[in-house]
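Novice:
Protein chains: 2
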Amino acid sequence: MPFDYIISPQSIEQESFRQIRELTNLDGLSREQQQVVMRIVHSVGIPEVAEQVRFSANACESGLAALAANAPILCDVEMVKQGVTKRMIAQPPLCYLNDPRTVARAKDSGETRSMAALHYWQEKLTGSVVIIGNAPTALFRLLEMIEQGAPKPALIIGMPVGFVGAAESKQALWDVHEQLGIECITLLGRMGGSAVSAATCNALLRCLKGEWY
Amino acid sequence: MPFDYIISPQSIEQESFRQIRELTNLDGLSREQQQVVMRIVHSVGIPEVAEQVRFSANACESGLAALAANAPILCDVEMVKQGVTKRMIAQPPLCYLNDPRTVARAKDSGETRSMAALHYWQEKLTGSVVIIGNAPTALFRLLEMIEQGAPKPALIIGMPVGFVGAAESKQALWDVHEQLGIECITLLGRMGGSAVSAATCNALLRCLKGEWY
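Residue numbers (the numbering used here), protein chains in the order written: chain A, 1 to 213; chain B, 1001 to 1213.
(1) In whole angstroms, what is the alpha-carbon distance linking Leu-118 (chain A) and Ala-65 (chain A)?
(2) Could you compute how far the alpha carbon of Pro-1136 (chain B) sits from the alpha carbon of Leu-1097 (chain B)?
(3) Which complete alpha helix (DSSP H) runs does the segment 1030 to 1065 of chain B hold, if anything under 4 residues is left out?
(4) Which residues does DSSP pair with Val-1077 (chain B) in a beta bridge?
(5) Is it true that the CB of Ser-1062 (chain B) sits closer than 7 Å to the CB of Ala-1154 (chain B)?
(6) Looking at Ile-229 (chain A): is its Cβ nearer than 7 Å to the Cβ of Cys-201 (chain A)?
(7) In the DSSP assignment, what residue or residues form a beta bridge with Cys-184 (chain A)?
(8) Apart from the five residues just before and just after Ser-16 (chain A), which ones in its own chain have a Cβ nearer than 8 Å to its Cβ?
(9) Output the distance between the C-alpha atoms of Leu-125 (chain A) and Glu-211 (chain A), rounded to the nearest integer angstrom.
(10) Closer than 7 Å by beta-carbon distance: list the chain A residues that pair up with Leu-1143 (chain B), in chain order.
(11) Would you check if the distance between the CB atom of Leu-139 (chain A) and the CB atom of Ser-109 (chain A) is smaller than 7 Å?
(12) Under a CB-based cut-off of 7 Å, is Arg-1190 (chain B) close to chain A?
(13) Compare the C-beta of Glu-51 (chain A) against all C-beta atoms of chain B and say whether one is closer than 7 Å.
(14) I'd like the ranges of any alpha helix (DSSP H) spanning at least 4 consecutive residues and lying wholly in the segment 1105 to 1166 of chain B.
(15) What residue range is occupied by the uninterrupted alpha helix (DSSP H) comprising Val-1196 (chain B)?
(16) Given this structure, state the Cα-to-Cα distance separating Ser-1056 (chain B) from Lys-152 (chain A), to the nearest angstrom.
(17) Is the segment 181 to 194 of chain A touching the segment 92 to 106 of chain A in the sense that three or more CB pairs, one from each, lie closer than 8 Å?
(18) Closest to Trp-1174 (chain B) by CA distance: which of B:Gly-1162, B:Leu-1143, B:Gly-1149, B:Gln-1148 is it?
(19) Select from the segment 132 to 164 of chain A all residues with a C-beta closer than 8 Å to any C-beta belonging to chain B, and list them in chain order.
(20) Does Leu-173 (chain A) come out as helix, strand or coil in the three-state DSSP assignment?
(21) In three-state DSSP terms, what is Leu-67 (chain A)?
(22) Which residues, taken in chain order from the segment 107 to 136 of chain A, show a beta carbon closer than 7 Å to some beta carbon of chain B?
(23) Listed in chain order, which residues of the segment 1007 to 1031 of chain B have Cβ atoms closer than 7 Å to some Cβ of chain A?
(24) Could you spell out the range, first to last residue, of the alpha helix (DSSP H) harbouring Ile-7 (chain A)?
(25) Check the Cβ-Cβ distances between Ala-1090 (chain B) and every residue of chain A, and say whether any is below 7 Å.
(26) Name the DSSP beta bridge partners of Gln-97 (chain A), please?
(27) For Pro-1160 (chain B), tell me which candidate among B:Glu-1178, B:Ala-1198, B:Glu-1183, B:Glu-1147 has the shortest Cα-Cα distance.
(28) Residues in its own chain within less than 6 Å of Ala-1090 (chain B) by CB, not counting five upstream and five downstream?
(29) Check Met-191 (chain A) in the structure and name its three-state DSSP category.
(30) Is it right to say Ser-1114 (chain B) is buried, meaning 16 or more other beta carbons lie within 10 angstroms of its own, or is it exposed?
(31) Could you have a look at Gly-1083 (chain B) and say whether DSSP puts it in helix, strand or coil?
(32) In whole angstroms, what is the alpha-carbon distance linking Val-1080 (chain B) and Asp-1004 (chain B)?
(33) Considering only residues of the same chain and omitting the five flanking positions on each side of Pro-93 (chain A), which have a CB-CB separation below 6 Å?
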């Protein structure tokens, strides 16, 4: 039983994005937004997911500028951190989920560790790129912090996945972003996750490096 | 704008799985298979994905026995490794993707790093649990190795995602598993990924620990 498959990584990537461009509705999107949407589709395998992506007015511009300036990248979980393409960033993304202080804090308060970890984001928030791919509670808490006067990230990539709070947290982000004056990219509905949120950041990093598909 | 959301991690998990059980077709599945399918649904946010999951005849039994015996867990990418629940395993999962030998080997051969990494799986394969969540080429290569006489894992969780080779590699796994005498869990079609494949392993680990939903 010989298996017939492409083994060249360059050919695989080129052919993937050729198919994705053919299958995905990219109407009305800027060049950068197209790259983001295509990489989101690439990470989930579903072209129709493009319809659920939302960009605030200057999301890509603000995110690109922050990434170009090596702004901190704040991640809710380790899988997101792991998903950001290492060769494209000058310093590792930050994640405080497994910090012993976070664990203790969550135990004391009865809240999720994902929420407790945001306490340690406070001093890094200004001009940062935030990637929330897992925890609706982290996204809700971030919105509360900003509403209460916390510094604003340059871009919030808000894409928790799941059944309890995920769709609601993303809808909340989308509903209040103008009022709070924040730039965001989100994926409405239940879908989301570490891979898709990291892929969104990776798409912007590739734009900066001149890798267009 | 007060946000109304559940902050207790236990309540979130219980309510998530209550909803998933209600929304997902679990007819004809064993108790263990139900746990796996529900955790797959949990990780992607789409109940309908249950229809695409396939179990070989003794996949759960073989995987559970291997995990109970602390067999090696072999992962194609770091995100999968990161996704396996640490508190439930005695030794860290293995991933050779960023091993300098793998990088050199892939450069020499022009194949993907994911394929090249499998060279270092050979001596760990016997009775292992393999998790492939990203690279179709890794899954194809593994099937070739087993066909050529490499030792057999106790369970292959084969769930690459994407447009080039992903669906084909999973169909190949499903088509040849009986002939090769291997146990597997797969998710047919384009969907898959690090989170869903790690979630499959985590579901089995939770069965072992007596955490049922």
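Ideal Cβ placement from N, Cα and C applies to all residues, glycine included.
Specialist: Reading from the atomic positions:
(1) Cα to Cα, Leu-118 (chain A) sits roughly 23 Å from Ala-65 (chain A).
(2) Each residue's alpha carbon lies about 14 Å from the other.
(3) As for any alpha helix (DSSP H) of minimum length 4 sitting wholly inside the segment 1030 to 1065 of chain B, the runs are 1031 to 1044, ordered along the chain.
(4) In the DSSP assignment, no residue is bridged to Val-1077 (chain B).
(5) Against a cut-off of 7 Å, the Cβ pair of Ser-1062 (chain B) and Ala-1154 (chain B) comes out as a contact.
(6) The displayed coordinates of chain A run from 1 to 213. Any statement about residue 229 (chain A) would go beyond what the structure contains.
(7) Looking at the DSSP assignment, Cys-184 (chain A) forms a beta bridge with A:Ile-156.
(8) Only His-42 meet the Cβ criterion.
(9) Rounded to whole angstroms, Leu-125 (chain A) to Glu-211 (chain A) spans 28 Å at the Cα level.
(10) Below the 7 Å Cβ cutoff, chain A contributes Phe-3 as neighbours of Leu-1143 (chain B), in chain order.
(11) Not a contact, by the Cβ cut-off of 7 Å.
(12) Among the CB atoms of chain A, one or more fall inside 7 Å of the CB of Arg-1190 (chain B).
(13) Cβ-Cβ to chain B under 7 Å: no for Glu-51 (chain A).
(14) Runs of the alpha helix (DSSP H) inside the segment 1105 to 1166 of chain B: 1113 to 1117, 1136 to 1147.
(15) In the DSSP annotation of this structure, the continuous segment of the alpha helix (DSSP H) that includes Val-1196 (chain B) starts and ends at 1194 to 1208.
(16) Going from the Cα of Ser-1056 (chain B) to the Cα of Lys-152 (chain A) covers about 50 Å.
(17) Contact between the segment 92 to 106 of chain A and the segment 181 to 194 of chain A is absent, with fewer than three C-beta pairs closer than 8 Å.
(18) If you compare the alpha carbons of B:Gly-1162, B:Leu-1143, B:Gly-1149, B:Gln-1148 with that of Trp-1174 (chain B), the shortest gap goes to B:Leu-1143.
(19) Going along the segment 132 to 164 of chain A in chain order, one finds Pro-136, Thr-137, Phe-140, Leu-143, Glu-144, Glu-147, Val-161, Gly-162, Phe-163, Val-164 with a Cβ nearer than 8 Å to chain B.
(20) Reduced to three states, the DSSP call for Leu-173 (chain A) is helix.
(21) Looking at Leu-67 (chain A) - three-state DSSP - the assignment turns out to be helix.
(22) Going along the segment 107 to 136 of chain A in chain order, one finds Gly-110, Glu-111, Thr-112, Met-115, Pro-136 with a Cβ nearer than 7 Å to chain B.
(23) The segment 1007 to 1031 of chain B vs chain A, Cβ under 7 Å: Ile-1007, Ser-1008, Pro-1009, Ile-1012, Glu-1015, Ser-1016, Gln-1019, Ile-1020.
(24) Counting along the chain, Ile-7 (chain A) sits inside no alpha helix (DSSP H), nor does DSSP assign it H or E at all.
(25) Interface flag for Ala-1090 (chain B) against chain A is unset, since no Cβ pair is found closer than 7 Å.
(26) Note on identity: in this sequence residue 97 (chain A) is Leu, with Gln being the wrong assignment. None, per the DSSP bridge assignment.
(27) Of the listed residues, the one whose Cα sits closest to Pro-1160 (chain B) is B:Ala-1198.
(28) Same-chain partners within the cutoff: Asn-1070.
(29) Here Met-191 (chain A) sits in coil by DSSP.
(30) Taking every protein chain shown into account, the CB of Ser-1114 (chain B) has 16 or more other CB atoms within 10 angstroms, so this residue is buried.
(31) Secondary structure of Gly-1083 (chain B) (DSSP, three-state): helix.
(32) Distance between the alpha carbons of Val-1080 (chain B) and Asp-1004 (chain B) is about 32 Å.
(33) Same-chain partners within the cutoff: Ile-73, Cys-75, Lys-81, Val-84.
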